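Chemist:
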Amino acid sequence: MRVPIYCIVFFSCLLWACNSPSSKEEGLKKECEEAYDAMDRIQEKALEDSNFMHSDQYRKEMERAAIEASKRTSGLRANEKLLLEYETAVKLLKEYAEKAAKDASLYQDASFSEKLKVRSDRVREIYVKLKKANLNPLEKRKFDLLSKN
């Protein structure tokens with residue numbers, strides 16, 4: 024039995040479309056990463072300066088960053104948001120691990136160690152949430168790929 028060529032082309036295009044993110048999705052992903060990264064930078068600043076951590080400015084900046092992150096992720100489902108947060112957290116943790124690999128003396132720096140601990144705790148927290156979540160097969164696959172890195 025011969026399969027018409029247009030069926031092969033159709034299913035090939037469908038497979039390609041399902042596996043390649045659109046530029047809109049990539050843009051949304053980038054915007055969300057920036058929003059989560061802004062929150063992390065504010066937390067990092069607070070870890071370095073305890074006076075800032077207890078100030079109204081810190082509270083206002085975190086609130087503003089959280090609102091911005093919420094706006095940018097408003098169109099996503101809960102599992103998609105968690106996966107995006109997880110991907111961003113893993114990326115940031117990798118960056119810190121690479122810094123430490125290049126300069127082992129950073130482990131002696133209490134500030135750096137605290138930041139590394141906060142990042143790893145965040146990854147672990149989201150990991151646990153995703154393990155308990157009811158992920159569809161595509162989300163599960165993405166979670167598994169992110170967890171292996």
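Residue numbers (the working numbering): 24 to 172. For every residue, glycine included, the Cβ atom is placed at its ideal position computed from N, Cα and C. Please read these numbers as outputs of a predicted model, since none were measured by experiment.
Can you list, in chain order, the stretches of the alpha helix (DSSP H) that have 4 or more residues and sit fully within the stretch 89–160?
Modeler: Entirely contained in the stretch 89–160, the alpha helix (DSSP H) runs reaching 4 residues are, in chain order, 101–125 and 133–155.
Chemist: Please list, in chain order, all residues of the same chain as Lys140 whose beta carbon is under 6 Å from its beta carbon, the five residues on each side excluded.
Modeler: For this step, residue 140 is matched to residue 117 along the sequence shown. Same-chain partners within the cutoff: there are none.
Chemist: Is the stretch 121–140 touching the stretch 54–72, taking contact as three or more C-beta pairs under 8 Å?
Modeler: Contact between the stretch 121–140 and the stretch 54–72 is present, because at least three Cβ pairs lie under 8 Å.
Chemist: Alpha carbons only, please: which of Met85, Ala61, Met62 and Glu103 is nearest the one belonging to Pro160?
Modeler: Within the sequence shown, numbered from 1, the residue matching residue 160 stands at position 137. The shortest Cα separation from Pro160 among Met85, Ala61, Met62 and Glu103 belongs to Glu103.
Chemist: Return helix, strand or coil for Ile78, following the three-state DSSP convention.
Modeler: Taking the first residue of the sequence shown as position 1, residue 78 is located at position 55. Checking the sequence shown, residue 78 turns out to be Ser, not Ile. Ser78 falls in the coil class under three-state DSSP.
Chemist: Starting from the C-beta of Arg95, find all residues in its chain whose C-beta is less than 6 Å away, skip the five residues before and the five after it, and write them out in chain order.
Modeler: For the purposes of this step, residue 95 is taken as the residue at position 72 of the sequence shown. Excluding positions up to five away in sequence, the list reads Glu54, Cys55 and Ala58.
Chemist: Does DSSP put Asp72 in a helix, in a strand, or in coil?
Modeler: The residue given as residue 72 occupies position 49 in the sequence shown. Coil.
Chemist: So, using beta-carbon positions, are Leu70 and Ser134 closer together than 8 Å?
Modeler: Here residue 70 refers to the residue found at position 47 when the sequence shown is read from its first residue. Here residue 134 refers to the residue found at position 111 when the sequence shown is read from its first residue. It is a contact, given that the beta carbons lie within the stated cut-off.
Chemist: Let's test the definition: count the other Cβ atoms within 10 Å of the Cβ of Ala88 and tell me whether it reaches 16, buried, or not, exposed.
Modeler: Mapped onto the sequence shown, residue 88 falls at position 65. The residue is buried, with at least 16 neighbouring Cβ atoms inside 10 Å.
Chemist: Spatial neighbours of Met62 within its chain, please: C-beta separation below 7 Å, excluding the five flanking residues on both sides.
Modeler: One-based indexing of the sequence shown puts residue 62 at position 39. Here the set comprises Met85, Ala88, Ala89 and Ala92.
Chemist: State the Cα-Cα distance for the pair Tyr109 and Val146, rounded to the nearest angstrom.
Modeler: Along the sequence shown, read from residue 1 onward, the residue named residue 109 stands at position 86. Along the sequence shown, read from residue 1 onward, the residue named residue 146 stands at position 123. Going from the Cα of Tyr109 to the Cα of Val146 covers about 6 Å.
Chemist: If you draw a straight line from the alpha carbon of Asp167 to that of Asp132, how long is it in whole angstroms?
Modeler: Numbered from 1 along the sequence shown, position 144 holds the residue referred to as residue 167. Numbered from 1 along the sequence shown, position 109 holds the residue referred to as residue 132. Near 33 Å, if we compare the C-alpha coordinates of Asp132 and Asp167.
Chemist: Does the distance from the CB of Leu105 to the CB of Lys152 come in under 8 Å?
Modeler: Position 82 of the sequence shown, counting from 1, holds the residue named residue 105. Position 129 of the sequence shown, counting from 1, holds the residue named residue 152. Yes. Within cutoff.
Chemist: Between the alpha carbons of Ser128 and Leu158, how many angstroms are there, rounded?
Modeler: Along the sequence shown, read from residue 1 onward, the residue named residue 128 stands at position 105. Along the sequence shown, read from residue 1 onward, the residue named residue 158 stands at position 135. About 40 Å.
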